[in-house]
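Just so you know, we're using our numbering here: the sequence shown kicks off at 65 and counts up by one. Note that CB positions come from ideal geometry on N, CA and C, so glycine has one too. The model shown is predicted, which means the values in this text are computed figures rather than measured ones. Structure record follows, encoded as structure tokens.
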Amino acid sequence: MKKPNRQAGGDNHERWLVSYADFITLLFAFFVVMYSISSINESKYRIFSESLNIAFIQPLTPTTRYVDPNQLIVTPGSPMPQTSSILTNKNKVLVDKRTAQLGEQQRKIEDRMKKLASGLNQAMAALIRQHLVNINLTKRGVVVDISASTLFDTGEAALHPGSRGVLRAVAEVLSKEDFPIEVEGHTDDTPIATAQFPSNWELSSVRASSVVRVLIANGIPEERLAVVGLASNHPLVPNDSLENRSKNRRVTITIASPNLDRD
């Protein structure tokens, strides 16, 4: 019996499908692997994200606990308190304490100044009654204005013999305290031109120096004293009459009150 002839290559028409299927399978496997590598583990991402929030983002409700009135401790993750809220109470305590200290010091100084003024009033009572001395308690301190006629002759800077006793009594009062003392010489606006005093500047300065020398001789330390000559530049009243000019010719002794605000 004759066998039928097979057509050449007839049983190889679909062999390419096997290769194609293998290729598709490998390609699918490749994409699965790539997707697995690139996909984000959601649970791990959530944990990582929450960690970043704790480290860098302030929560809405901070948790704090106080260990003492002056120290605030913030738990990790809580926002740092504002500087003003931390310092307000402490600063208030410090300011109140400093204010109380200054107030107490100021009261003590005022009491000392009042005692000085009282002592000077007693020492110079006779001259005060004659309106030759005026004593005032001011913000600067105790201010004593002594008429130049009580101390000097006209146009001169040598002290009257009797004026030394007054200045000794003043020195005795001043020696009980240690406040700085400034002695100012003042003239009226009448010009002076002598060999000894070419102008009122020299006259006022030398007069103040004469008073200071007596204070030093009676126990007032030199370091407490300062001399200022002001000529006619700081009149008490206008230089428009003989009486007013007489008031402006004076020596002013200022016992200075400390300025506590600068301490």
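Assuming residue i is part of the beta strand (DSSP E), what are its boundary residues?
i	result
arginine 314	314-320
serine 211	205-211
leucine 191	It is not in any beta strand (DSSP E) - leucine 191 instead sits in the alpha helix (DSSP H) that spans 189-193.
asparagine 303	Unbroken run through asparagine 303: none, as it is neither H nor E.
glycine 219	It is not in any beta strand (DSSP E) - glycine 219 carries neither H nor E in the DSSP assignment.
histidine 250	245-250
isoleucine 199	197-201
Return yes when the Cβ of residue j is within less than 9 Å of the Cβ of residue i, no when it is not.
i	j	result
threonine 208	isoleucine 280	Note that residue 208 corresponds to valine in the displayed sequence, not to threonine. No, these two residues do not count as a Cβ contact at 9 Å.
alanine 221	arginine 271	yes
arginine 193	histidine 250	no
asparagine 198	leucine 231	no
lysine 311	serine 227	no
glutamate 266	glycine 229	no
serine 321	arginine 204	yes
arginine 309	aspartate 253	yes
valine 247	isoleucine 173	no
serine 263	proline 255	yes
Whose CA, out of the options, lies closest to the CA of residue i?
i	options	result
threonine 258	Gly219, Arg204 and Arg171	Gly219
valine 275	Leu223, Ser321 and Pro244	Leu223
alanine 295	Asp304, Met188 and Phe261	Phe261
asparagine 323	Glu248, Thr202 and Val247	Thr202
isoleucine 284	Ile245, Ser263 and Glu168	Ile245
leucine 191	Ser213, Lys178 and Val206	Ser213
histidine 195	Ala233, Glu307 and Lys179	Glu307
leucine 180	Phe216, Val234 and Asn153	Val234
What are the start and end residues of the alpha helix (DSSP H) that includes residue i?
i	result
asparagine 297	Asparagine 297 -> no alpha helix (DSSP H), and no H or E assigned at all.
glycine 229	227-238
leucine 279	264-281
- Message: Does the contact criterion of 3 or more C-beta pairs under 8 Å hold for the stretch 235-245 versus the stretch 286-305?
- Response: By the Cβ criterion, the stretch 235-245 is in contact with the stretch 286-305, since at least three pairs of Cβ atoms, one from each stretch, lie closer than 8 Å.
- Message: Below 8 Å, how does it come out for the stretch 295-308 and the stretch 183-196: are there three or more Cβ pairs, yes or no?
- Response: When C-beta atoms of the stretch 295-308 are compared with those of the stretch 183-196, fewer than three pairs fall below 8 Å, so the two segments do not count as touching.
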